[in-house]
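Peer 1: Order-wise, the sequence lines are chains V and Y.
Numbering follows the working numbering, in which position 90 of the first sequence is assigned residue number 90; successive positions increment by one, without gaps.
Numbering follows the working numbering, in which position 50 of the second sequence is assigned residue number 50; successive positions increment by one, without gaps.
Virtual Cβ for every residue (Gly too), placed ideally from N, Cα, C.
Number of protein chains: 2
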Amino acid sequence: MCVTRPTGFRAAACKAGIKPSGRPDLAMIVNDGSRRSAAAVFTRNVVVGAPVEIGRRWRERYLGARGVDRPEALRAILINAGCSNAATGQAGIEDAMATMRAAAGALGCAVEEIMPSSTGIIGHRLPVEKMTSAMPGLAALLARGHDADDAVAAAIMTTDLVPKASHREVELRGHQVHLGAVAKGSGMIAPRLDSAGDVGGFGAHGTMLAFITTDAAIDADCLQIALERACRESFDRVSVDAHPSCSDTVICMSSGMVANGKGASAEPIHRSDPEFFGFQSALTSLCQELATKVVKDGEGATRTFRVEVRGAASHDVAERLARAVIDSPLVKCAIHGKDPNWGRIVTAAGNAGVRFDPMSTSLTLSDGHSAGVEVYRSGLPTGVPKTDARLISAMNADPVCALLTVGEGPGHAHMLGCDLSAEYVKINAEYTT
Amino acid sequence: MCVTRPTGFRAAACKAGIKPSGRPDLAMIVNDGSRRSAAAVFTRNVVVGAPVEIGRRWRERYLGARGVDRPEALRAILINAGCSNAATGQAGIEDAMATMRAAAGALGCAVEEIMPSSTGIIGHRLPVEKMTSAMPGLAALLARGHDADDAVAAAIMTTDLVPKASHREVELRGHQVHLGAVAKGSGMIAPRLDSAGDVGGFGAHGTMLAFITTDAAIDADCLQIALERACRESFDRVSVDAHPSCSDTVICMSSGMVANGKGASAEPIHRSDPEFFGFQSALTSLCQELATKVVKDGEGATRTFRVEVRGAASHDVAERLARAVIDSPLVKCAIHGKDPNWGRIVTAAGNAGVRFDPMSTSLTLSDGHSAGVEVYRSGLPTGVPKTDARLISAMNADPVCALLTVGEGPGHAHMLGCDLSAEYVKINAEYTT
């Protein structure tokens with residue numbers, strides 16, 4: 001069980017006829033909790049789909065208000081695959097609203113309590129009629145348990161080969177709290193998610209959706225902070241193809257059903273509570289597992305590749321270096337060919353748009369289980385032969401691990417990517433609009 | 001004829017045993033001119049090969065001095081393929097110097113008048129002994145004419161499928177002036193070349209070498225300016241795989257043999273002379289032809305793709321947008337599959353790290369010969385069907401032409417790239433260190 005593992009959630013999926021393949025394509029995750037809260041982050045791409053626009057407006061209203069003025073938290077997320085409802089303008093907003101009204105009608109809640117989320121082809125109108133017709137049947141299917149969870153995980157897939165789900169448990173003030181999640185993502189993956197404080201943004205990419213549920217009683221602002229932190233350490237750290245999407249979304253809903261809070265009334269966790277860190281850790285770990293699953297299922301990927309940069313002038317510099325390496329097509333091809341072509345890694349870093357001294361730079365390749373082998377130090381190859389057993393072990397590992405040290409600065413960062421295969425080209429040259 | 005077409009040049013190539021394939025791999029272009037000048041630009045990659053370090057030092061000495069203090073211009077360029085002499089530290093500098101001494105000995109000039117240039121594998125020492133042994137034989141082969149030119153064009157190739165050469169003629173003050181050139185480049189291509197004013201740099205990529213000869217009498221500072229401008233409009237406008245190299249180099253040598261200058265003594269062209277513009281145009285046009293040839297021969301490329309961005313806030317913003325589109329693997333796969341997947345183009349631009357308003361953005365695809373067809377306008381698809389004859393013609397063209405208008409600003413830029421094929425993956429997964 002994943003999304004319905006925490007108390008207070010039901011889920012369902014069905015075939016609404018959106019995917020040309022005829023596979024399940026419409027899903028719903030419902031929060032029946034008595035003390036609900038919710039949090040969300042979205043793509044920083046300049047071009048966004050209608051659901052992201054609606055989601056941002058919701059977040060602004062929701063987090064902008066406090067106490068009794070705060071509107072009801074999300075009651076449900078309505079997700080479809082097969083059509084991203086992006087580049088559809090005002091009509092796309094209205095289409096999404098129509099499906100939200102149908103969902104609200106089926107659940108007996110306000111339309112503002114429904115969050116839409118869409119993935120699939122860009123520039124096509126949502127098949128509203130198909131979706132609204134399917135809604136009563138979808139609502140009737142809502143249930144807890146493995147079947148419901150599996151159905152949701154399958155329905156949100158696009159080019160994904162495997163469904164992605166995960167869960168965590170954590171004890172807060174003696175109460176067992178659950179977190180569950182589903183995600184999709186295979187191509188157009190390199191999420192950089194925004195925060196509630198952003199005034200809009202840029203730099204983002206990736207069609208990656210993740211939906212997280214928890215029965216922890218947690219304050220909405222606190223949940224938003226926890227989600228943003230978790231995403232920085234998980235989804236923001238992976239890239240399949242460095243290409244932007246307009247639909248990246250991570251939503252977390254809490255039912256508040258577990259009385260994990262403090263005081264006689266078991267108030268929800270606040271940021272200053274020690275329990276916050278326990279919850280944060282579990283959420284981050286959950287998101288990291290999902291992000292890794294997304295990369296492993298990257299389009300055409302046969303293996304993953306982890307780059308860690310240390311000794312940079314700042315974390316930002318380190319991240320730029322790590323991204324330049326992980327997204328280089330030549331490095332990705334070398335990983336595919338199991339070739340310890342460290343020259344490509346070093347020169348990819350040399351192109352990151354930041355300064356570092358090659359004479360103070362070293363590169364170690366490893367299989368992640370042993371110390372590995374240094375192949376480049378102080379601007380020079382160390383002369384390790386390709387036949388070195390440690391090097392062969394490193395290049396056959398999954399992930400292949402590269403540690404790039406560029407000096408003695410305090411900045412460090414890591415990224416997880418995957419190899420580039422002929423299969424990636426096949427998938428993306430044959431997928432047509 | 002190309003590099004020896006201008007008066008005052010000889011060239012030769014031979015097999016020195018550097019390439020494992022046993023093909024020709026050592027070449028020399030010699031300037032016998034009486035009023036020589038030279039100019040050079042190099043990669044902005046943080047990591048550079050020994051020849052680039054030597055070249056930058058030469059340029060600093062050469063352009064830093066004036067009049068009688070200026071050292072002799074380059075007498076010859078010594079080029080090898082099969083080993084880039086990069087990541088080789090001080091030993092690499094000394095190796096290059098040893099080959100320069102051998103070349104200077106064979107030509108009877110000073111070692112400072114020789115410019116080395118290397119391409120090939122990174123992190124391997126130059127086979128100095130093989131190169132110095134070959135030098136007397138190479139010098140003995142020096143000649144003018146097609147055979148010599150063709151031999152040089154072939155010897156500098158690595159994964160190139162075809163040799164790349166070109167030439168121009170231009171009349172300056174009633175005198176016919178010639179320009180000739182050879183280039184290599186197929187993978188690790190996306191040059192961003194520096195200028196003599198740079199204090200070092202970053203942001204560059206591409207193993208692209210180009211060597212240009214001219215018999216125009218032109219002042220060295222003037223030639224440097226002309227070369228930098230020409231590169232901005234040519235090599236800096238192309239990308240095969242967005243990956244940095246450490247060896248990008250463009251060198252232009254003038255023999256000064258044509259008395260195209262002004263006054264009784266036919267002084268070399270200065271920047272303020274109207275002739276400068278004639279020379280500049282010919283040089284830019286020559287470099288553009290070479291840059292296009294490099295992209296057409298990009299590793300695995302089956303077709304090229306031109307993106308023009310207009311209406312941006314600045315030229316810099318426009319360039320970032322154009323680069324984000326041209327380098328997106330998803331866009332490159334769509335071009336390969338002849339799929340008018342405009343959603344990928346628009347979302348790739350959305351990730352360029354610059355702001356623009358999708359509602360003021362439009363995208364037109366064309367075959368470059370006709371007006372083409374607008375597929376996206378004001379944030380919405382125009383609804384042109386995939387079966388539209390203009391769209392089919394555009395997607396089958398070479399280059400496929402995309403015009404992305406992002407507003408009404410003054411900034412514009414264009415980039416030429418190529419598709420991503422399974423062959424690219426094959427070449428780069430199988431090429432081993």
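1) Have a look at V/SER118 and V/ALA27 and give me their C-alpha separation to the nearest angstrom.
2) Alpha carbon to alpha carbon, how far is Y/ILE18 from V/ALA461? Give it in angstroms, no decimals.
3) Here's a check: name, in chain order, each residue in its chain whose Cβ is nearer than 6 Å to the Cβ of Y/ARG310, leaving out the five neighbours to either side.
4) Going by DSSP in three states, V/ASP215 sits in which element: helix, strand or coil?
5) Y/TYR376 and Y/ALA220 look like a contact to me (Cβ under 8 Å); what is the Cβ gap, rounded to whole Å?
6) Using the Cα positions of Y/ALA217 and Y/SER272, report the straight-line distance between them to the nearest angstrom.
7) Let me make sure I understand the geometry here. Which of Y/LEU179, Y/VAL425 and Y/VAL52 has the alpha-carbon closest to that of V/LYS332?
8) Give me, in chain order, the residues of the same chain whose beta-carbon lies closer than 6 Å to that of V/ARG306; leave out the 5 immediate sequence neighbours on both sides.
9) Thinking V/LEU456 and V/ALA76 are a contact (beta carbons under 8 Å), I'd like their distance in whole angstroms, please.
10) Give the interface partners of Y/ASN31 over in chain V, defined as CB-CB distance under 8 Å, in chain order.
11) Ends of the beta strand (DSSP E) at Y/THR184?
12) Say whether chain V places a C-beta atom closer than 9 Å to the C-beta of Y/GLU430.
13) Using a cut-off of 9 Å between C-beta atoms, extract the partners of Y/ILE122 located in chain V.
14) Using a beta-carbon distance cut-off of less than 7 Å, what residues from the stretch 353-372 of chain Y approach chain V?
15) Would V/SER195 pass as an interface residue toward chain Y - the criterion being a Cβ-Cβ separation below 9 Å?
16) Which partner residues of V/SER117 appear in the DSSP bridge assignment?
17) Does any residue of chain V have a CB that is nearer than 9 Å to the CB of Y/CYS246?
18) In angstroms with no decimal places, state the Cα-to-Cα distance between Y/MET131 and Y/ARG57.
19) Kindly indicate which residue of Y/THR304, Y/GLY298, Y/ALA397 and Y/ALA110 has the alpha-carbon position closest to the one of Y/LEU161.
20) If I measure Cβ to Cβ from V/GLY256 and keep anything under 8 Å in the same chain, skipping five residues before and after, which residues do I get?
21) Around the Cβ of V/HIS146, are there at least 16 other Cβ atoms within 10 angstroms (buried) or fewer (exposed)?
22) Quick one, which residues of the stretch 154-170 of chain Y are near chain V if we go by CB-CB under 9 Å, in chain order?
23) Is Y/ARG306 helix, strand or coil by DSSP?
24) Starting from Y/LYS293 and walking both ways along the alpha helix (DSSP H), at which residues does that stretch end?
25) Are the CB atoms of V/CYS2 and V/ALA254 within a distance shorter than 9 Å?
26) Return helix, strand or coil for Y/HIS124, following the three-state DSSP convention.
27) Return the Cβ separation of Y/VAL47 and V/PRO358 in integer angstroms, given the expectation that the two are a contact with Cβ distance under 8 Å.
28) Between Y/VAL111 and chain V, is the shortest Cβ-Cβ distance under 9 Å, so that the two count as touching?
29) On the criterion of 16 or more Cβ atoms from any shown chain inside 10 Å, does Y/GLY200 qualify as buried, or is it exposed?
30) Going by alpha carbons, who is nearest to V/THR158 out of V/HIS315, V/SER21, V/ASN341 and V/SER421?
31) Please compile the residues from chain V whose C-beta is within a distance smaller than 7 Å of the C-beta of Y/HIS315.
32) Name the chain Y residues that come within less than 7 Å of V/LYS426, Cβ to Cβ?
33) Using beta-carbon positions only, say whether V/VAL152 and V/ALA50 come within less than 9 Å of one another.
34) If you draw a straight line from the alpha carbon of V/ALA96 to that of V/ASN85, how long is it in whole angstroms?
35) Have a look at Y/ILE251, Y/GLU275, Y/CYS252 and Y/ASP248 and flag the residue whose alpha-carbon is nearest the alpha-carbon of Y/ALA259.
36) Report the residue from Y/LYS296, Y/ASN341, Y/ARG168 and Y/GLY350 whose alpha carbon sits nearest the alpha carbon of Y/ARG320.
Peer 2: In short:
1) Translated into positions along the first sequence, residue 118 of chain V becomes position 118. Translated into positions along the first sequence, residue 27 of chain V becomes position 27. Taking the straight line from one Cα to the other gives about 10 Å.
2) Here chain V comprises residues numbered 1 to 433, so residue 461 of chain V is not present and cannot be evaluated.
3) Sequence index remark: in the second sequence, residue 310 of chain Y carries index 310 (1-based). Here the set comprises THR405 and HIS412.
4) Working through the first sequence from its first residue, we reach residue 215 of chain V at position 215. Strand.
5) For this step, residue 376 of chain Y is matched to residue 376 along the second sequence. For this step, residue 220 of chain Y is matched to residue 220 along the second sequence. Incorrect: roughly 48 Å between the Cβ atoms, too far for contact.
6) Locating residue 217 of chain Y in the second sequence gives position 217, counting from the first residue. Locating residue 272 of chain Y in the second sequence gives position 272, counting from the first residue. Straight-line Cα distance between these residues: approximately 14 Å.
7) Residue 332 of chain V sits at position 332 when you count from the first residue of the first sequence. Checking every option, the nearest Cα to that of V/LYS332 belongs to Y/VAL425.
8) Start at 1 with the first residue of the first sequence, and residue 306 of chain V comes out as number 306. Within the same chain, V/ARG306 has close Cβ partners PRO399, CYS401 and LEU416.
9) Examination of residue 456 of chain V is not possible in this model, given that chain V is present from 1 through 433 alone.
10) Residue mapping note: residue 31 of chain Y aligns to position 31 of the second sequence, counting from 1. None at all; the shortest Cβ gap to chain V is about 31 Å.
11) The residue you call residue 184 of chain Y lines up with position 184 of the second sequence. Rather than Thr, the amino acid found at residue 184 of chain Y in this sequence is Lys. For Y/LYS184, the enclosing beta strand (DSSP E) begins and ends at 175-184.
12) Along the second sequence, read from residue 1 onward, the residue named residue 430 of chain Y stands at position 430. So, interface residue.
13) Against the second sequence, residue 122 of chain Y aligns to sequence position 122. Result: ASN341, TRP342, GLY343, ARG344, VAL346, THR347 and PRO381.
14) Residues GLY353, VAL354, ARG355, PHE356 and PRO358.
15) Within the first sequence, numbered from 1, the residue matching residue 195 of chain V stands at position 195. Not closer than 9 Å to any Cβ of chain Y, the Cβ of V/SER195 fails to qualify, so no.
16) The residue you call residue 117 of chain V lines up with position 117 of the first sequence. The beta-bridge partner set that DSSP reports for V/SER117 consists of V/ILE79.
17) For the purposes of this step, residue 246 of chain Y is identified with residue 246 of the second sequence, where counting begins at 1. Chain V, which has a Cβ nearer than 9 Å to the Cβ of Y/CYS246, makes this yes.
18) As a first step, residue 131 of chain Y is located in the second sequence; it is residue number 131 there, counting from the start. As a first step, residue 57 of chain Y is located in the second sequence; it is residue number 57 there, counting from the start. Straight-line Cα distance between these residues: approximately 23 Å.
19) By one-based count along the second sequence, residue 161 of chain Y stands at place 161. Looking at the Cα atoms, Y/GLY298 is the closest of the given residues.
20) The residue given as residue 256 of chain V occupies position 256 in the first sequence. So the qualifying residues of the chain are GLY8, GLY33, SER34, ARG35, ARG36, SER37, ASP215, ALA216, ALA217, ILE218 and PRO268.
21) Within the first sequence, residue 146 of chain V is the residue found at index 146, counting from 1. Exposed, by the Cβ-count rule.
22) none
23) The sequence position of residue 306 of chain Y within the second sequence is 306, counting from 1. In the structure shown, Y/ARG306 sits in a strand (DSSP, three-state: E or B).
24) As a first step, residue 293 of chain Y must be located in the second sequence, where it is residue number 293. For Y/LYS293, the uninterrupted alpha helix (DSSP H) segment begins and ends at 275-296.
25) By 1-based counting over the first sequence, the position of residue 254 of chain V is 254. By 1-based counting over the first sequence, the position of residue 2 of chain V is 2. Residue identity differs from the one stated: residue 254 of chain V is Ser in this sequence, not Ala. No, they are not a contact pair.
26) Along the second sequence, one-based indexing puts residue 124 of chain Y at 124. Coil at Y/HIS124, not helix or strand.
27) Against the second sequence, residue 47 of chain Y aligns to sequence position 47. Against the first sequence, residue 358 of chain V aligns to sequence position 358. Indeed they touch by this definition, with Cβ atoms about 5 Å apart.
28) For the purposes of this step, residue 111 of chain Y is taken as the residue at position 111 of the second sequence. Closer than 9 Å: no.
29) Along the second sequence, read from residue 1 onward, the residue named residue 200 of chain Y stands at position 200. Because the pLDDT of Y/GLY200 is 35, which lies under 50, any placement of that residue in the model is unreliable, and the question is left without a value.
30) The sequence position of residue 158 of chain V within the first sequence is 158, counting from 1. If we check each option's Cα against that of V/THR158, V/SER21 comes out closest.
31) Here residue 315 of chain Y corresponds to residue number 315 of the second sequence, with the count starting at 1. Ordered by position in chain V, no residue passes the 7 Å Cβ test against Y/HIS315, which lies about 18 Å from the chain.
32) On the first sequence, position 426 is the one that residue 426 of chain V refers to. Ordered by position in chain Y, the residues that pass the 7 Å Cβ test against V/LYS426 are ALA422.
33) Taking the first residue of the first sequence as 1, we reach residue 152 of chain V at position 152. Taking the first residue of the first sequence as 1, we reach residue 50 of chain V at position 50. In this structure, V/ALA50 does not lie closer than 9 Å to V/VAL152 by Cβ.
34) By one-based count along the first sequence, residue 96 of chain V stands at place 96. By one-based count along the first sequence, residue 85 of chain V stands at place 85. If I take the Cα positions, the gap works out to 8 Å.
35) By 1-based counting over the second sequence, the position of residue 259 of chain Y is 259. Y/ALA259 has its Cα closest to that of Y/GLU275, out of Y/ILE251, Y/GLU275, Y/CYS252 and Y/ASP248.
36) Here residue 320 of chain Y refers to the residue found at position 320 when the second sequence is read from its first residue. Answer by Cα proximity: Y/GLY350.
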